[in-house]
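Asks: Numbering (this note's numbering), first residue to last: 1315 to 1567. Backbone N, C-alpha and C fix where the C-beta goes; we use that ideal spot for every residue, glycine too. Values in this document were obtained by computation on a predicted structure and should not be read as measured data. Next up is a structure, given as structure tokens.
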Amino acid sequence: MTAMIDSTGTVLPGHIAVVMDGNGRWANKRHLPRAAGHKAGVDATRRVVENCVKNNIEALTIFAFSSENWNRPVSEVSNLMSLFVSTIMAEVKKLNKKNVCVKFIGDRTRFSEKLQGKINEAEVLTEKNTGLHLNIAANYGGRWDIVNACRLITEEVINGDKKLTDIDEAMFDSFVSLSEMPAPDLFIRTGGEQRISNFLIWQLAYSELYFTDILWPDFSDEDFDAALNWYTGRQRRFGKTGTQLLDSEAVES
Ligand code: IPE
Ligand code: IPE
Ligand code: MG
């Protein structure tokens, strides 16, 4: 996966991670039940997926349900679960036609058998697709991801497949979610909060962080373009100085 360059020569993010926040407040403002906000949130998600396909973005990872969201009222959790099932059923065939490869990250064992079945069907149907990689984080927590990697690595050390000295950052990285793709270049959070909320805490180490007050159901094509434009103005230094980067660009051109 490499950085995408659009028709104007601008480098677009290859991988975008989104915390889709603000559904509840969007509904409250309209005196609607929170469920209406989540439903409107699905439409916003569809728009962003379509935008990523249009812009040839290689990967989009969306936070659909965090490991902490089980703490919400039972009625809201069960509404969200039904919405996942109905959304997957309604959208997957269309996504498949658009050559989108759908994957879920997170601990799916806590979901109902029905939902786990829909998740598996979506993954199997789209697994060979070569277009946008759409990763859906469901019952996902960044700390869970890190602890899970530790467990898997420890198992390999205990059974002798790996040595303690084999453990380094690259090796660890291969055991966390999304190891098959580069880390997110751009992180977007809507809804005004400026926090990670236990999203991809390992993978976001060097992502550009973009926060907007817009509530997720209101997030429009223009708002998405604004985030991309903001990203194209960043200088990604990865510890180097700005002058070093300008010098190496001059050598390359
Ligand atoms: C994000 O919107 C969707 C989920 C967490 C599932 P919220 O439901 O958190 O909306 P607010 O933050 O209460 O407005
Ligand atoms: C993060 O949003 C999780 C999702 C968007 C699915 P929350 O609304 O749950 O985050 P906090 O708890 O306010 O930080
Ligand atoms: Mg929220």
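Looking at the unbroken beta strand (DSSP E) that takes in N1453, where does it start and where does it end?
Replies: 1447 to 1454
Asks: Determine the DSSP secondary structure at L1374, reduced to helix, strand or coil.
Replies: strand
Asks: Is K1412 helix, strand or coil when you go by DSSP?
Replies: coil
Asks: How would you call Y1454, buried or exposed, if buried means at least 16 neighbouring beta carbons within 10 angstroms?
Replies: buried
Asks: Alpha carbon to alpha carbon, how far is A1341 from A1349?
Replies: 8 angstroms
Asks: Is it true that the CB of H1352 sits closer than 8 angstroms to the CB of L1394?
Replies: In this structure, L1394 sits near H1352, with a CB-CB distance shorter than 8 angstroms.
Asks: On a Cα-Cα basis, can you pick out the residue from L1326, K1428, G1338, V1461 that is closest to W1272?
Replies: Outside the displayed range of the chain (1315 to 1567) lies residue 1272, so it cannot be described from this structure.
Asks: Can you give the Cα-Cα distance for D1475 and F1425, rounded to whole angstroms?
Replies: 32 angstroms
Asks: Can we say the region 1497 to 1511 touches the region 1519 to 1526, given the rule of at least three CB pairs closer than 8 angstroms?
Replies: yes
Asks: Quick one, are the C-beta atoms of D1499 and H1329 less than 8 angstroms apart?
Replies: Yes. Within cutoff.
Asks: To test your reading of the DSSP string, which unbroken beta strand (DSSP E) runs of 3 or more residues are found completely within the region 1447 to 1512?
Replies: Runs found: 1447 to 1454, 1500 to 1503.
Asks: Looking at A1378 and ligand 2, is the gap between the Cβ and the nearest heavy atom below 7 angstroms?
Replies: It does: the Cβ of A1378 is within 7 angstroms (strictly closer) of some heavy atom of ligand 2.
Asks: Pick out whichever of E1372, G1431, T1423, N1383 has its Cα sitting closest to the Cα of M1403.
Replies: G1431
Asks: Count the other C-beta atoms from every protein chain shown that fall within 10 angstroms of the C-beta of V1461, then say buried if there are 16 or more, exposed otherwise.
Replies: exposed
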